[in-house]
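Below you'll find the structure, written out as structure tokens, and then a few comments.
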Amino acid sequence: MSQNRQYELVYIVAPEATEQEVADLHTQIEQIIQRYSGTLDKTENWGRRRLAYEIGHHREGTYVVETITGSGELMKEIDRRLRVIDAVIRHLTVRVDADLRVAERLRVARKATQARRRVARGLPPEPSPSERRGEA
């Protein structure tokens with residue numbers, strides 16, 4: 249069985265596509281996610297934006313960002329489908345769960361360092377509620 253991981257999918261839809269076509273594309277992706285027992289954690293429609301460079305004679309596109317939890321097989325299927333849809337002019341999938349683990353480790357290490365410094369100064373390891381609010 250494949251391990252579920254967290255991915256971020258960004259795709260750019262051609263400027264000729266209507267809002268309904270963008271919504272239909274999103275629905276297709278949701279159906280694929282459900283079929284492969286994944287979850288769609290977050291969707292952000294960034295709207296129409298100017299491209300950094302021309303892609304297939306397009307200077308603008310509608311950007312959509314989705315955070316998905318699922319297997320590698322799920323992401324292969326989404327990638328395969330996005331390649332054959334003419335309205336999608338570019339897409340990119342990035343695995344972000346490793347980055348989240350690194351960020352969590354850094355946060356824990358930072359908190360431990362702050363606690364050691366507080367103890368070295370003769371303070372309790374955790375700030376009191378009044379210190380958190382900024383009271384002296």
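For the sequence shown, this note's numbering assigns the number 249 to the initial residue and increments by one for each residue that follows. Just so it is clear, CB atoms sit at the ideal spot from N, CA and C, and this is done for glycine as well. Owing to the predicted nature of the structure, the values given are computational and were not obtained by experimental measurement.
Cβ pair residue i, residue j closer than 8 Å
| i | j | result |
| --- | --- | --- |
| T317 | N252 | yes |
| L257 | T341 | yes |
| S319 | G286 | yes |
| I337 | I260 | yes |
| R343 | Y284 | no |
Selected residue, minimal CA-CA separation from residue i, among the options
| i | options | result |
| --- | --- | --- |
| E267 | E256, A335 and K290 | A335 |
| A262 | E256, H339, T287 and V350 | H339 |
| V312 | T291, E321 and L299 | T291 |
| A271 | L299, E314, R298 and R297 | E314 |
| Q282 | M323, R355 and P372 | M323 |
Separation of residue j from residue i, as counted between CA atoms
| i | j | result |
| --- | --- | --- |
| Q276 | E325 | 11 Å |
| H305 | E269 | 20 Å |
| I333 | R349 | 33 Å |
| Y301 | R307 | 7 Å |
| R364 | E321 | 45 Å |
| Q362 | E374 | 9 Å |
| R353 | D345 | 12 Å |
| P377 | W294 | 39 Å |
| V367 | A351 | 25 Å |
| P372 | D347 | 31 Å |
Counted within 10 angstroms of its Cβ, other Cβ atoms place residue i as buried (16 or more) or exposed
| i | result |
| --- | --- |
| A360 | exposed |
| L273 | buried |
| A265 | buried |
| L330 | buried |
In DSSP terms, what residue i is bridged to
| i | result |
| --- | --- |
| R338 | I260 |
| I303 | H306 |
| G370 | Answer is none; G370 lacks a bridge partner. |
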